[in-house]
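Participant:
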Amino acid sequence: MHYYKPASFAEAVALAAGAEGITRILAGGTDVLVQMRADIVTPDTLIDIKAIPGTHEIARTAEGGWRIGVAVTGAEMSEHPELGRDWPGVVEAMDLIGSTQVQGRATPIGNLCNASPAADSVPAMIAAGAVLNVIGPDGSRDIPAEEVPAGPGKTTLKKGEIATALTLPPRGQNGGDAYQRFIPRTEMDIAVVGCALNLTVEGDQITSARMALGAVAPTALLIPAVTEVLVGKTLDDDALAALAALAEANCNPIDDKRGTVKFRTHVAGVLARRVAQIAYDRAKGAKA
Amino acid sequence: MSKTHVTTKVNGDEVEFLCDPRETLLDVLRDRLGLTGAKEGCGTGDCGACSVTVDGRLVCSCLMLGVEAEGKEIGTVEGIAQGETLHPLQKKFIEYAALQCGICTPGILIAAKSLLEKNPAPTETEVRYWLAGNLCRCTGYDKIIRAVMDTAAEMREAS
Ligand code: FES
Ligand code: FES
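Chains A and B, in that order, are what the protein sequence lines are. First residue of the first sequence? That's 1 in UniProt numbering, and the numbers climb one at a time after it. First residue of the second sequence? That's 1 in UniProt numbering, and the numbers climb one at a time after it.
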């Protein structure tokens with residue numbers, strides 16, 4: 001295995017584009033090292049991007065959103081004084097992953113690019129409308145978060161393409177987001193179902209909504225029809241019931257030791273109701 | 001296999017070593033530097049027995065490569081006592097018998113120390129969540145939690 005620590009993305013892209021065999025990008029390493037250890041993936045080329053300037057930064061974009069560098073960890077997101085005020089759901093979702101030790105290394109972009117269907121931060125970023133910024137031999141492009149995973153362990157990034165940052169849109173006024181997952185205990189487990197919801201309100205009326213589900217299909221899912229059941233409504237019992245039905249209808253889960261199809265489908269509806277209520281309360285001014 | 005030369009600081013001392021890029025920081029600490037305090041319980045980030053700090057940040061040394069230690073400051077359990085004087089946490093762990101086999105202890109000491117540096121007055125819930133990534137097969141955790149809480153109280157009084 002060859003280990004490289006390039007000083008720029010241009011250098012990193014040249015390395016990735018020219019590499020033979022299996023290439024892995026090393027940021028936090030909490031997936032890459034486990035896969036190496038278990039002999040699931042043994043990279044021929046490992047490109048450590050942490051020495052590239054800017055990769056550790058969380059910065060406001062010109063539009064008022066946030067740019068999260070590719071090496072930013074969960075702990076750094078949780079400690080950031082402002083990010084969690086704009087996007088509490090995204091920060092909380094990331095914070096659910098692993099232990100304190102894992103939080104010190106794990107990155108949201110790694111969570112997205114590892115492409116596990118159960119990745120906790122991914123539904124939250126999809127609901128938030130995050131885009132992944134990538135750079136490759138043909139230049140830069142932005143990929144909506146929901147289009148990054150192509151299936152378990154697979155992404156839509158092309159050979160030589162490397163993620164540089166994750167961009168969250170401006171929060172704007174009267175908005176809120178939330179993520180919850182079901183696990184059989186209170187900490188340190190993999191989501192059986194996860195659900196994120198992001199909405200804006202005007203008074204009591206919902207003016208926009210995005211929902212995403214995790215662990216109920218081969219990739220985290222954006223559920224566009226949520227606009228039909230929520231926009232223009234207040235979050236009353238009818239809206240919540242319609243939302244739960246929509247979440248259930250979009251589940252395509254597997255039966256495994258952590259949950260049956262029936263259980264996962266039911267829980268998706270329950271979580272949709274709960275995150276909608278939290279996001280709604282936050283949009284109306286409740287503090288995270 | 002060509003080895004990489006790495007310069008780092010461990011417990012305040014400058015250290016140099018040669019390692020294969022596949023070796024973890026845990027392998028390097030134990031096998032190349034003779035610092036066997038950090039233990040390998042799982043090798044996959046689940047047990048916390050390998051906990052160390054890197055530039056002050058608590059991490060699993062099994063989830064980091066030795067080559068990534070270049071230019072960093074590593075803190076291990078070997079560095080927490082001042083000469084013969086044990087760290088307050090070490091004293092309390094003995095007083096409370098917060099260990100049996102001791103495999104988890106170096107990781108828990110490092111993790112608890114990093115918590116108290118960040119938060120000198122944690123609640124019991126905060127201690128339990130902070131240490132959720134440090135597994136112990138022997139004690140049932142309760143004595144560990146009491147020892148950490150009591151250390152925190154004593155260190156607050158002393159300061
Ligand atoms: S050996 Fe590192 S977490 Fe278990
Ligand atoms: S004392 Fe034996 S594992 Fe904790």
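All C-beta atoms in this analysis are idealised placements derived from N, C-alpha and C, irrespective of residue type, glycine included.
Measuring from each Cβ to the nearest heavy atom of ligand 2, keep the ones under 5 angstroms and list them in chain order.
Facilitator: Those residues are B:L99, B:Q100, B:C101, B:I103, B:C104, B:C136, B:R137 and B:C138, given in chain order.
Participant: Using a cut-off of 8 angstroms between C-beta atoms, extract the partners of M64 (chain B) located in chain A.
Facilitator: Numbered from its first residue, the second sequence carries residue 64 (chain B) at position 64. Those within 8 angstroms of M64 (chain B) in chain A are G29, L33 and R105.
Participant: Could you tell me which residues DSSP puts in a beta bridge with A163 (chain A)?
Facilitator: The residue given as residue 163 (chain A) occupies position 163 in the first sequence. In the DSSP assignment, A163 (chain A) forms a beta bridge with A:V134.
Participant: Starting from H80 (chain A), follow the beta strand (DSSP E) in both directions and report where the run begins and ends.
Facilitator: Here residue 80 (chain A) refers to the residue found at position 80 of the first sequence. Where H80 (chain A) is concerned, there is no enclosing beta strand (DSSP E), given that its DSSP letter is neither H nor E.
Participant: Reducing DSSP to helix, strand and coil, say where Q82 (chain B) ends up.
Facilitator: Here the question's residue 82 (chain B) lines up with position 82 in the second sequence. Of the three classes helix, strand and coil, the one that applies to Q82 (chain B) here is strand, per DSSP.
Participant: Is there contact here, the stretch 113-129 of chain A with the stretch 191-204 of chain A, by at least three beta-carbon pairs under 8 angstroms?
Facilitator: yes
Participant: Report buried or exposed for V41 (chain A), applying the criterion of at least 16 other Cβ atoms within 10 angstroms of its Cβ.
Facilitator: Here the question's residue 41 (chain A) lines up with position 41 in the first sequence. Per the 10 Å Cβ criterion, exposed.
Participant: Scan the stretch 177-205 of chain A for residues whose Cβ lies nearer than 9 angstroms to a Cβ of chain B and list them as they occur along the chain.
Facilitator: T186, E187 and M188
Participant: Quick one: grab the DSSP three-state call for A62 (chain A).
Facilitator: Taking the first residue of the first sequence as 1, we reach residue 62 (chain A) at position 62. Coil, per DSSP.
Participant: Look at the alpha carbon of G74 (chain A) and the alpha carbon of G176 (chain A), and state the distance between them as a whole number of angstroms.
Facilitator: Here residue 74 (chain A) refers to the residue found at position 74 when the first sequence is read from its first residue. Here residue 176 (chain A) refers to the residue found at position 176 when the first sequence is read from its first residue. Their backbone Cα atoms lie some 20 angstroms apart in a straight line.
Participant: Does any residue of chain B bring its CB to less than 8 angstroms from the CB of G98 (chain A)?
Facilitator: Looking up residue 98 (chain A) in the first sequence gives position 98. Chain B, which has a Cβ nearer than 8 angstroms to the Cβ of G98 (chain A), makes this yes.
Participant: Can you grab the Cα-Cα spacing for the pair L240 (chain A) / H266 (chain A), in whole Å?
Facilitator: Counted from its first residue, the first sequence places residue 240 (chain A) at position 240. Counted from its first residue, the first sequence places residue 266 (chain A) at position 266. Take the alpha-carbon of L240 (chain A) and the one of H266 (chain A): they are about 14 angstroms apart.
Participant: What's the C-alpha gap between G37 (chain B) and T76 (chain B)?
Facilitator: In the second sequence, the residue the question calls residue 37 (chain B) occupies position 37. In the second sequence, the residue the question calls residue 76 (chain B) occupies position 76. Looking at the two C-alpha atoms, the distance is approximately 7 angstroms.
Participant: Does any residue of chain A bring its CB to less than 8 angstroms from the CB of P21 (chain B)?
Facilitator: To locate residue 21 (chain B), count along the second sequence from 1; it is residue 21. Interface residue, yes.
Participant: Hey, is A112 (chain B)'s beta-carbon within less than 8 angstroms of any beta-carbon in chain A?
Facilitator: Position 112 of the second sequence holds residue 112 (chain B). No, because no Cβ of chain A sits closer than 8 angstroms to the Cβ of A112 (chain B).
Participant: Quick one, what's near ligand 1 if you take every residue whose CB is closer than 6 angstroms to any heavy atom, in chain order?
Facilitator: B:E40, B:G41, B:C42, B:G43, B:G45, B:D46, B:C47, B:G48, B:A49, B:C50, B:C60 and B:C62
Participant: With 8 angstroms as the threshold, decide whether the Cβ of V41 (chain A) is near any Cβ in chain B.
Facilitator: Working through the first sequence from its first residue, we reach residue 41 (chain A) at position 41. No - not a single Cβ of chain B is within 8 angstroms of the one on V41 (chain A).
Participant: Can you have a look at A59 (chain A) and say buried or exposed, based on whether 16 or more other CB atoms are within 10 angstroms of its CB?
Facilitator: Here residue 59 (chain A) refers to the residue found at position 59 when the first sequence is read from its first residue. Using a 10 angstroms sphere on the CB of A59 (chain A), the tally of other CB atoms stays under 16, which defines it as exposed.
Participant: Taking CB distances under 8 angstroms as the criterion, tell me whether M1 (chain A) reaches chain B.
Facilitator: Here the question's residue 1 (chain A) lines up with position 1 in the first sequence. Closer than 8 angstroms to some Cβ of chain B, the Cβ of M1 (chain A) qualifies, so yes.
Participant: In or out: C113 (chain A) buried (at least 16 other Cβ within 10 Å) or exposed?
Facilitator: Here residue 113 (chain A) corresponds to residue number 113 of the first sequence, with the count starting at 1. Of the other Cβ atoms in all chains shown, 16 or more fall within 10 Å of the Cβ of C113 (chain A); this residue is therefore buried.
Participant: Report yes if the C-beta distance between T4 (chain B) and L18 (chain B) is below 8 angstroms; otherwise report no.
Facilitator: Along the second sequence, read from residue 1 onward, the residue named residue 4 (chain B) stands at position 4. Along the second sequence, read from residue 1 onward, the residue named residue 18 (chain B) stands at position 18. It is a contact, given that the beta carbons lie within the stated cut-off.
Participant: Hey, quick one: how far does the beta strand (DSSP E) through Q180 (chain A) stretch, first residue to last?
Facilitator: If you number the first sequence from 1, residue 180 (chain A) lands on position 180. Taken as a continuous stretch (DSSP letters only), the beta strand (DSSP E) holding Q180 (chain A) covers G175 to F182.
Participant: With a cut-off of 8 angstroms on the beta carbons, I'd call residue 290 (chain A) and I49 (chain A) a contact; round off their distance for me.
Facilitator: The requested residue 290 (chain A) is not part of the displayed model; chain A covers only 1 to 288.
Participant: According to DSSP, simplified to helix, strand and coil, what is H87 (chain B)?
Facilitator: By one-based count along the second sequence, residue 87 (chain B) stands at place 87. It is coil, neither helix nor strand.
Participant: Does the beta carbon of L109 (chain B) come closer than 8 angstroms to any beta carbon on chain A?
Facilitator: For the purposes of this step, residue 109 (chain B) is identified with residue 109 of the second sequence, where counting begins at 1. Cβ-Cβ to chain A under 8 angstroms: no for L109 (chain B).
Participant: Is V59 (chain B) close to chain A, meaning its C-beta is less than 8 angstroms from at least one C-beta of that chain?
Facilitator: Position 59 of the second sequence, counted from the start, is the residue given in the question as residue 59 (chain B). Yes, V59 (chain B) counts as interfacial toward chain A.
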